[in-house]
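Written below as C-alpha coordinates is the structure these notes are about.
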Amino acid sequence: MSHDNGNNAFPAASSIYPSLPSALCDEKPSPAAVLSHCDDMEGISLLVKAADFAARRHRFQKRKDERTPYINHPIGVAFLLISVAKVYDPATLAAAYLHDLVEDTKTTFEELEQLFGREVADIVRECTDDKNLPKDVQRKKQVEKAAGSSYKAKLVKLADKLYNLRDLQRTLPIGWSKSRAKEYTKWAKEVVTQLKGTSEALEMALDDVINQLLDRK
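In terms of full-length UniProt numbering, the sequence shown opens at residue 1 and continues consecutively.
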(Lines of atoms letter the chains of each structure in order from A and count residues from 1; the text may use other names and numbers.)
(Lines give C-alpha, C1' and ligand atoms only; values in the text may rest on other atoms or scores of the structure.)
Protein backbone atom coordinates (compact mmCIF):
# COMPACT_ATOMS: atom_id res chain seq x y z
CA MET A 1 0.00 0.00 0.00
CA SER A 2 1.21 3.50 -0.83
CA HIS A 3 1.96 5.80 2.13
CA ASP A 4 1.35 9.27 0.76
CA ASN A 5 -0.85 10.80 3.44
CA GLY A 6 -3.93 10.29 1.26
CA ASN A 7 -2.76 12.63 -1.51
CA ASN A 8 -2.79 9.90 -4.16
CA ALA A 9 -6.18 8.28 -4.61
CA PHE A 10 -4.93 6.11 -7.51
CA PRO A 11 -3.02 2.92 -6.63
CA ALA A 12 -0.08 2.06 -8.87
CA ALA A 13 -1.45 0.92 -12.23
CA SER A 14 1.08 -1.92 -12.29
CA SER A 15 -0.49 -3.36 -9.13
CA ILE A 16 -3.90 -3.54 -10.82
CA TYR A 17 -2.97 -4.38 -14.42
CA PRO A 18 0.40 -6.18 -14.42
CA SER A 19 0.41 -6.36 -18.22
CA LEU A 20 0.46 -2.57 -18.63
CA PRO A 21 3.83 -1.21 -19.85
CA SER A 22 5.86 0.34 -17.03
CA ALA A 23 6.10 3.68 -18.84
CA LEU A 24 2.32 3.85 -18.98
CA CYS A 25 2.07 3.14 -15.25
CA ASP A 26 3.79 6.44 -14.45
CA GLU A 27 1.26 8.48 -16.44
CA LYS A 28 -1.46 8.91 -13.79
CA PRO A 29 -4.10 11.62 -14.01
CA SER A 30 -4.82 13.49 -10.80
CA PRO A 31 -8.10 12.66 -9.04
CA ALA A 32 -9.21 16.28 -9.47
CA ALA A 33 -8.60 16.12 -13.23
CA VAL A 34 -10.68 12.99 -13.64
CA LEU A 35 -13.53 14.15 -11.43
CA SER A 36 -13.72 17.60 -12.96
CA HIS A 37 -14.21 16.09 -16.41
CA CYS A 38 -16.56 13.31 -15.37
CA ASP A 39 -18.76 14.91 -12.75
CA ASP A 40 -22.12 13.92 -14.19
CA MET A 41 -23.73 10.74 -12.93
CA GLU A 42 -24.90 9.79 -16.42
CA GLY A 43 -21.34 9.80 -17.76
CA ILE A 44 -19.97 7.88 -14.79
CA SER A 45 -22.78 5.33 -15.08
CA LEU A 46 -22.04 4.84 -18.79
CA LEU A 47 -18.35 4.12 -18.11
CA VAL A 48 -18.99 1.68 -15.28
CA LYS A 49 -21.67 -0.08 -17.32
CA ALA A 50 -19.34 -0.35 -20.35
CA ALA A 51 -16.45 -1.68 -18.26
CA ASP A 52 -18.69 -4.26 -16.61
CA PHE A 53 -20.22 -5.34 -19.93
CA ALA A 54 -16.81 -5.67 -21.60
CA ALA A 55 -15.44 -7.69 -18.66
CA ARG A 56 -18.37 -10.10 -18.84
CA ARG A 57 -18.17 -10.59 -22.61
CA HIS A 58 -14.35 -10.99 -22.66
CA ARG A 59 -14.23 -13.11 -19.49
CA PHE A 60 -13.03 -16.34 -21.16
CA GLN A 61 -10.51 -14.70 -23.50
CA LYS A 62 -6.77 -14.18 -23.14
CA ARG A 63 -4.26 -11.92 -24.88
CA LYS A 64 -1.79 -13.37 -27.37
CA ASP A 65 0.57 -14.38 -24.56
CA GLU A 66 -2.20 -16.81 -23.51
CA ARG A 67 -1.89 -15.70 -19.87
CA THR A 68 -3.12 -12.12 -19.64
CA PRO A 69 -6.91 -11.63 -19.34
CA TYR A 70 -8.14 -9.97 -22.52
CA ILE A 71 -10.05 -7.33 -20.57
CA ASN A 72 -6.69 -5.77 -19.66
CA HIS A 73 -6.48 -4.53 -23.26
CA PRO A 74 -9.69 -2.43 -23.50
CA ILE A 75 -9.10 -1.13 -19.97
CA GLY A 76 -5.56 -0.19 -21.02
CA VAL A 77 -6.81 1.57 -24.16
CA ALA A 78 -9.23 3.65 -22.08
CA PHE A 79 -6.43 4.39 -19.60
CA LEU A 80 -4.18 5.62 -22.41
CA LEU A 81 -6.90 7.96 -23.64
CA ILE A 82 -7.12 9.50 -20.17
CA SER A 83 -3.46 9.48 -19.16
CA VAL A 84 -1.76 10.33 -22.47
CA ALA A 85 -4.36 12.12 -24.60
CA LYS A 86 -6.27 13.69 -21.66
CA VAL A 87 -9.57 12.51 -23.14
CA TYR A 88 -12.44 12.43 -20.64
CA ASP A 89 -15.43 12.20 -22.98
CA PRO A 90 -17.66 9.37 -21.68
CA ALA A 91 -18.72 8.17 -25.14
CA THR A 92 -15.13 7.88 -26.34
CA LEU A 93 -14.00 6.08 -23.20
CA ALA A 94 -17.01 3.75 -23.25
CA ALA A 95 -16.23 2.88 -26.88
CA ALA A 96 -12.64 2.13 -25.85
CA TYR A 97 -13.91 -0.45 -23.36
CA LEU A 98 -16.22 -1.97 -25.98
CA HIS A 99 -14.16 -1.63 -29.17
CA ASP A 100 -13.31 -5.34 -29.64
CA LEU A 101 -16.60 -6.88 -28.60
CA VAL A 102 -18.24 -7.28 -32.02
CA GLU A 103 -15.01 -8.63 -33.53
CA ASP A 104 -14.19 -11.09 -30.77
CA THR A 105 -17.51 -12.05 -29.13
CA LYS A 106 -21.11 -12.65 -30.17
CA THR A 107 -22.04 -9.07 -29.29
CA THR A 108 -23.87 -7.15 -32.04
CA PHE A 109 -23.95 -3.47 -32.95
CA GLU A 110 -27.69 -3.48 -32.31
CA GLU A 111 -27.07 -4.70 -28.77
CA LEU A 112 -24.46 -2.01 -28.16
CA GLU A 113 -26.78 0.70 -29.47
CA GLN A 114 -29.62 -0.50 -27.24
CA LEU A 115 -27.41 -0.59 -24.14
CA PHE A 116 -25.04 2.34 -24.69
CA GLY A 117 -26.63 4.58 -27.32
CA ARG A 118 -26.04 5.21 -30.99
CA GLU A 119 -22.95 7.38 -30.60
CA VAL A 120 -21.00 4.72 -28.70
CA ALA A 121 -22.17 1.98 -31.07
CA ASP A 122 -21.12 4.04 -34.10
CA ILE A 123 -17.63 4.61 -32.68
CA VAL A 124 -17.25 0.87 -32.08
CA ARG A 125 -18.51 0.19 -35.61
CA GLU A 126 -15.76 2.41 -37.03
CA CYS A 127 -13.17 0.47 -35.01
CA THR A 128 -14.41 -2.98 -36.03
CA ASP A 129 -12.89 -5.15 -38.76
CA ASP A 130 -14.93 -7.57 -40.85
CA LYS A 131 -13.76 -10.96 -39.59
CA ASN A 132 -15.24 -12.64 -42.68
CA LEU A 133 -12.43 -11.13 -44.75
CA PRO A 134 -8.89 -12.53 -44.98
CA LYS A 135 -6.49 -10.93 -42.48
CA ASP A 136 -4.48 -9.12 -45.15
CA VAL A 137 -7.67 -7.60 -46.57
CA GLN A 138 -8.79 -6.52 -43.09
CA ARG A 139 -5.49 -4.75 -42.58
CA LYS A 140 -5.62 -3.07 -45.98
CA LYS A 141 -9.13 -1.79 -45.23
CA GLN A 142 -7.97 -0.43 -41.86
CA VAL A 143 -5.43 1.72 -43.67
CA GLU A 144 -7.94 2.82 -46.29
CA LYS A 145 -10.69 3.72 -43.77
CA ALA A 146 -8.51 5.38 -41.12
CA ALA A 147 -8.39 8.92 -42.50
CA GLY A 148 -12.17 9.06 -42.98
CA SER A 149 -12.97 7.99 -39.43
CA SER A 150 -14.69 10.30 -36.98
CA TYR A 151 -12.52 12.19 -34.49
CA LYS A 152 -13.59 9.99 -31.57
CA ALA A 153 -12.98 6.78 -33.50
CA LYS A 154 -9.52 8.05 -34.48
CA LEU A 155 -8.69 8.57 -30.81
CA VAL A 156 -9.69 5.00 -29.96
CA LYS A 157 -7.73 3.65 -32.92
CA LEU A 158 -4.58 5.54 -31.92
CA ALA A 159 -4.80 4.38 -28.30
CA ASP A 160 -5.47 0.82 -29.46
CA LYS A 161 -2.37 0.82 -31.66
CA LEU A 162 -0.25 2.34 -28.90
CA TYR A 163 -1.32 -0.31 -26.41
CA ASN A 164 -0.68 -3.15 -28.86
CA LEU A 165 2.71 -1.82 -29.94
CA ARG A 166 3.85 -1.31 -26.35
CA ASP A 167 2.75 -4.89 -25.68
CA LEU A 168 4.78 -6.01 -28.67
CA GLN A 169 7.76 -3.99 -27.43
CA ARG A 170 7.76 -5.93 -24.16
CA THR A 171 7.32 -9.44 -25.50
CA LEU A 172 6.59 -11.32 -28.71
CA PRO A 173 3.19 -13.04 -28.85
CA ILE A 174 3.35 -16.81 -28.75
CA GLY A 175 4.20 -18.13 -32.21
CA TRP A 176 5.41 -14.77 -33.57
CA SER A 177 8.84 -14.33 -35.13
CA LYS A 178 10.81 -11.08 -35.07
CA SER A 179 10.08 -10.59 -38.77
CA ARG A 180 6.33 -10.96 -38.18
CA ALA A 181 6.54 -8.38 -35.39
CA LYS A 182 8.35 -5.99 -37.71
CA GLU A 183 5.74 -6.47 -40.44
CA TYR A 184 2.97 -5.76 -37.93
CA THR A 185 4.79 -2.61 -36.84
CA LYS A 186 5.15 -1.40 -40.43
CA TRP A 187 1.44 -1.93 -41.03
CA ALA A 188 0.53 -0.17 -37.78
CA LYS A 189 2.69 2.77 -38.90
CA GLU A 190 0.66 3.00 -42.11
CA VAL A 191 -2.57 3.18 -40.11
CA VAL A 192 -1.16 5.76 -37.69
CA THR A 193 0.04 7.90 -40.61
CA GLN A 194 -3.56 8.13 -41.83
CA LEU A 195 -4.66 9.25 -38.36
CA LYS A 196 -2.17 12.12 -38.04
CA GLY A 197 -3.52 15.38 -36.70
CA THR A 198 -5.81 13.76 -34.13
CA SER A 199 -3.81 13.75 -30.89
CA GLU A 200 -0.26 15.06 -30.73
CA ALA A 201 0.42 13.25 -27.45
CA LEU A 202 -0.69 9.84 -28.74
CA GLU A 203 1.06 10.35 -32.06
CA MET A 204 4.35 11.29 -30.38
CA ALA A 205 4.15 8.21 -28.17
CA LEU A 206 3.39 6.06 -31.21
CA ASP A 207 6.27 7.53 -33.23
CA ASP A 208 8.59 6.70 -30.35
CA VAL A 209 7.55 3.06 -29.93
CA ILE A 210 7.35 2.45 -33.69
CA ASN A 211 10.88 3.75 -34.23
CA GLN A 212 12.18 1.61 -31.39
CA LEU A 213 10.51 -1.51 -32.76
CA LEU A 214 11.69 -0.92 -36.33
CA ASP A 215 15.26 -0.28 -35.13
CA ARG A 216 15.40 -3.63 -33.33
CA LYS A 217 17.76 -6.18 -34.79
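Backbone N, C-alpha and C define an ideal beta-carbon position, used for all residues, glycine too.
7 Å Cβ cutoff met for residue 93 and residue 47: yes
Delimiting residues of the alpha helix (DSSP H) encompassing residue 76: Per DSSP, residue 76 belongs to the alpha helix (DSSP H) from 72 to 83.
Closest residue to residue 91 among 152, 183 and 171 (Cα-Cα distance): 152
Residue 169 CB to nearest heavy atom of the ligand NAD below 6 Å: In terms of ligand content, the structure shown is empty, and the ligand NAD therefore cannot be addressed.
Rounded straight-line distance, which links the Cα of residue 131 to that of residue 107: 13 Å
Beta-carbon proximity of residue 96 to residue 191, cut-off 7 Å: no
Length of the line joining the Cα atoms of residue 134 and residue 128: 14 Å
N-terminal and C-terminal residue of the alpha helix (DSSP H) that residue 176 is part of: Neither: residue 176 is in no alpha helix (DSSP H) and is coded neither H nor E.
Run of the alpha helix (DSSP H) containing residue 43, from where it starts to where it stops: 41 to 57
Residue of 186, 56, 126 and 43 minimising C-alpha distance to residue 88: 43
One or two residues paired with residue 62 in a DSSP bridge: 69.
Distance CB(residue 140)-CB(residue 198) smaller than 7 Å: No, Cβ-Cβ distance for residue 140 and residue 198 is not below 7 Å.
Residue range of the unbroken alpha helix (DSSP H) whose run includes residue 208: 200 to 215
Buried or exposed by the 16-neighbour rule on C-beta atoms within 10 Å, applied to residue 83: That one is buried.
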